[in-house]
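**Q** Numbering (the UniProt record's numbering), first residue to last: 1 to 667.
Just so you know, even glycine gets a beta-carbon here, dropped at the ideal spot from N, CA and C.
The structure that follows is given in the form of structure tokens.
Take a look at the structure:
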């Protein structure tokens with residue numbers, strides 16, 4: 001007998017940490033995966049069971065040791081508990097698809113999002129354990145995902161493989177599949193979409209499937225469950241070809257299917273009691289009608305009339321409506337009148353819900369549009385700029401594409417804000433936006449990417465042609481007398497022909513490179529006196545960007561440091577250990593090494609000692625960081641010529657300030 005009042009080991013170091021109480025026949029299952037000293041929580045639960053889940057998690061691991069919460073989609077039955085976890089000390093990230101993140105934020109969540117579609121649909125724990133994510137759009141949400149634990153060969157499947165039943169067990173038995181079919185018939189949109197997702201699972205070895213609803217499927221049931229979901233019809237508007245009733249027997253055999261559904265959802269004892277004083281003798285173990293006093297001609301209509309007369313009749317009819325509608329269409333039977341009234345009400349509700357959905361979609365579209373717009377100039381913002389770059393660059397290796405990005409910076413905007421106030425500064429930004437959009441061709445995107453920086457995106461033009469056009473634009477801006485003072489514009493230009501071929505298969509890295517180099521060149525133009533266009537710095541040149549080798553254990557902290565440095569226009573290469581660092585230094589020169597003290601394979605101080613043996617490598621500035629900054633380690637670092645040693649967590653503004661000073665000295 002499993003004690004459900006405590007966490008239950010599911011497989012290895014994966015635990016079920018849910019509540020044993022079901023709500024309206026719907027069981028919610030959160031799972032906790034522990035590796036080393038940290039854990040990842042999957043679908044943490046609702047406001048109804050959140051406190052129970054928190055207590056069970058705390059009995060296994062401190063809440064502060066949760067490095068991530070994974071949300072398979074955005075529904076309240078799995079997201080509402082997140083603010084409770086934040087209140088209990090959760091400091092990690094929320095792993096989900098960006099489509100889900102857009103809505104999950106409205107639960108009042110303060111934690112940062114780790115959007116899996118921007119991280120190759122994977123997450124690496126601090127221990128090195130990997131979690132893969134399988135994208136299952138429209139099942140039943142556009143941003144739905146499943147999680148795969150390769151070490152355990154376990155699929156945490158979200159709503160897929162879920163079930164509704166009154167007779168819930170943690171592990172599925174032989175009667176589980178009918179409740180699973182009942183759930184998917186109603187909640188999944190179409191057979192084609194569902195079958196396609198099941199096809200994806202053919203390449204995954206599976207020992208367990210852990211759904212968010214229903215019961216855990218062991219290996220013996222998995223193949224049959226996948227096969228079932230590959231073949232069932234689902235969705236509200238099914239066009240089912242009419243079949244011959246003789247293929248399955250008679251009307252009573254169809255009613256046996258309906259009875260099975262009733263028992264699955266409401267439980268054997270309740271259904272046995274309902275039919276005790278009825279014209280139908282039912283065997284709840286066999287899930288069959290063994291005898292009836294009603295003739296075969298009338299039994300179909302009488303069965304549903306009897307259900308409609310019961311105290312919970314509407315509830316019973318609603319729970320079987322999907323399978324009855326399917327059987328009627330499949331075998332050309334009339335829809336029972338008692339059920340027809342329920343379906344009519346359901347259809348009215350569906351139409352009302354559809355209107356509400358259309359309204360929400362319109363509002364969501366406007367909201368998404370607003371998210372991509374700069375509030376001052378109404379131009380597209382940096383998020384759009386980077387997304388456009390990534391999309392356009394994705395075909396660069398297979399198509400004849402020419403993409404040019406030009407970043408233009410208002411050199412004297414700070415002076416305008418200081419002398420005339422921020423209102424005049426905002427007016428300057430809006431005027432420049434209007435002038436630029438009116439000057440360029442309609443197909444050229446003009447974006448404001450932050451501060452005084454704007455970006456112009458050109459397609460299918462050579463670098464020289466773009467240079468001529470932006471030079472004319474710069475002159476037109478400088479000569480326009482609508483500005484409160486003449487505007488000085490510095491520009492940085494980058495053409496896609498400068499991208500190394502080694503990056504052609506990685507659009508995200510290409511977009512990041514284009515953004516970094518154009519920003520750097522715009523700043524370089526300003527430093528060279530302003531009012532010019534900088535194009536001379538090539539991507540491969542060591543002086544084009546100050547390149548930092550970040551040697552650190554993979555995880556959220558490393559990502560934050562990398563992103564902060566990249567936003568400051570530094571080029572950042574990341575490796576996970578000392579051995580990889582040595583290989584990286586052999587393949588490409590860097591300007592600075594930023595290294596965690598306790599890295600695997602070759603420690604930071606050993607790495608520094610080995611680099612000092614090579615004159616060129618020994619001259620590279622070396623910055624240490626560690627949570628274990630102690631007198632002894634500081635002395636050892638100093639003996640190796642390491643002057644800068646940061647305690648972790650690192651004060652990022654101090655780190656960036658120091659590197660900017662070192663970069664200027666290097667220049």
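#1: Considering only residues of the region 130–183, which uninterrupted beta strand (DSSP E) runs meet the minimum length of 3 residues and lie entirely inside it, listed in chain order?
#2: Per DSSP, what kind of secondary structure is residue 501 in: helix, strand or coil?
#3: Determine contact between the region 478–496 and the region 517–524, defined as no fewer than three beta-carbon pairs at a distance below 8 Å.
#4: Residue 665: buried (16+ other C-beta within 10 angstroms of its C-beta) or exposed?
#5: Classify residue 478 as buried or exposed, calling it buried when 16 or more other Cβ atoms lie within 10 Å of its own Cβ.
#6: Thinking C-beta only, is residue 100 closer than 7 Å to residue 74?
#7: Can you have a look at residue 561 and say buried or exposed, based on whether 16 or more other CB atoms are within 10 angstroms of its CB?
#8: Just to confirm before moving on: does the CB-CB distance between residue 221 and residue 172 stay below 7 Å?
#9: Would DSSP call residue 459 helix, strand or coil?
#10: In the DSSP assignment, find the unbroken beta strand (DSSP E) run with residue 408 in it and report its ends.
#11: Would you identify the three-state DSSP class for residue 28, choosing helix, strand or coil?
#12: Taking the DSSP output, what are the residues bridged to residue 380?
#13: Quick check: the region 465–481 against the region 380–399, are at least 3 beta-carbon pairs closer than 8 Å?
#14: Please determine, among 36, 387, 501 and 305, the residue with the shortest C-alpha to C-alpha distance to residue 128.
#15: CA-CA distance, residue 433 and residue 379?
#16: Using DSSP with H/G/I as helix, E/B as strand and the rest coil, what is residue 510?
#17: Pop quiz: residue 331 and residue 262 are said to be a contact at Cβ under 8 Å. What is the actual Cβ separation, rounded to whole angstroms?
#18: In the DSSP output, which residue or residues are listed as bridge partners for residue 88?
#19: In whole angstroms, what separates the C-alpha of residue 266 from that of residue 195?
#20: How far does the beta strand (DSSP E) with residue 211 in it extend, from its first residue to its last?
#21: Please return the same chain residues whose Cβ sits closer than 8 Å to the Cβ of residue 573, not counting the five positions on each side in sequence.
#22: Can you tell me which of the three DSSP states residue 335 falls into?
#23: So what's residue 419 in DSSP terms, helix, strand or just coil?
#24: Between residue 39 and the rest of its own chain, which residues show a CB-CB distance below 8 Å, the 5 nearest in sequence each way excluded?
#25: Return the first residue and the last residue of the beta strand (DSSP E) that residue 291 is part of.
#26: List the endpoints of the continuous beta strand (DSSP E) containing residue 68.
#27: Leaving out the 5 sequence neighbours to the left and right, which residues in its chain are closer than 6 Å to residue 543 when beta-carbon positions are compared?
#28: Classify residue 615 as buried or exposed, calling it buried when 16 or more other Cβ atoms lie within 10 Å of its own Cβ.
#29: When DSSP labels each residue in this structure, what does residue 490 get in the three-state scheme?
#30: To which residues of the same chain is residue 237 closer than 6 Å at the C-beta, ignoring the five residues directly before and after it?
#31: Can you tell me the Cα-Cα spacing of residue 295 and residue 217, whole angstroms?
#32: Whole angstroms are fine: how far does the CA of residue 256 sit from the CA of residue 338?
#33: Quick check: what's the CA-CA separation for residue 72 versus residue 159?
#34: At the level of alpha carbons, what is the spacing between residue 499 and residue 371?
#35: Suppose the cutoff is 8 Å on Cβ atoms and the five residues either side in sequence are ignored; what does the same chain contact list for residue 117 look like?
**A** In short, the structure shows the following:
#1: 130–135, 145–149 and 154–158
#2: helix
#3: yes
#4: exposed
#5: exposed
#6: yes
#7: buried
#8: yes
#9: strand
#10: 403–410
#11: strand
#12: 373 and 447
#13: no
#14: 36
#15: 7 Å
#16: helix
#17: With a Cβ gap of about 19 Å, residue 331 and residue 262 do not count as contacting.
#18: In the DSSP output, where bridge partners are listed per residue, residue 88 has none listed.
#19: 28 Å
#20: 208–211
#21: 547, 548, 549, 550, 584, 588 and 590
#22: coil
#23: helix
#24: 32, 33, 57, 60, 61, 65, 66 and 67
#25: 288–292
#26: 66–70
#27: Model confidence at residue 543 stands at a pLDDT of 36, short of 50, so the residue's coordinates are unreliable; what they give is reported in the following sentence. Cβ within range, chain order: n/a, list empty.
#28: exposed
#29: strand
#30: Because residue 237 carries a pLDDT of 47, less than 50, the predicted location of this residue cannot be relied on, and the following value inherits that uncertainty. Result list for residue 237: empty, nothing under 6 Å.
#31: 41 Å
#32: 18 Å
#33: 8 Å
#34: 29 Å
#35: 97, 98 and 135
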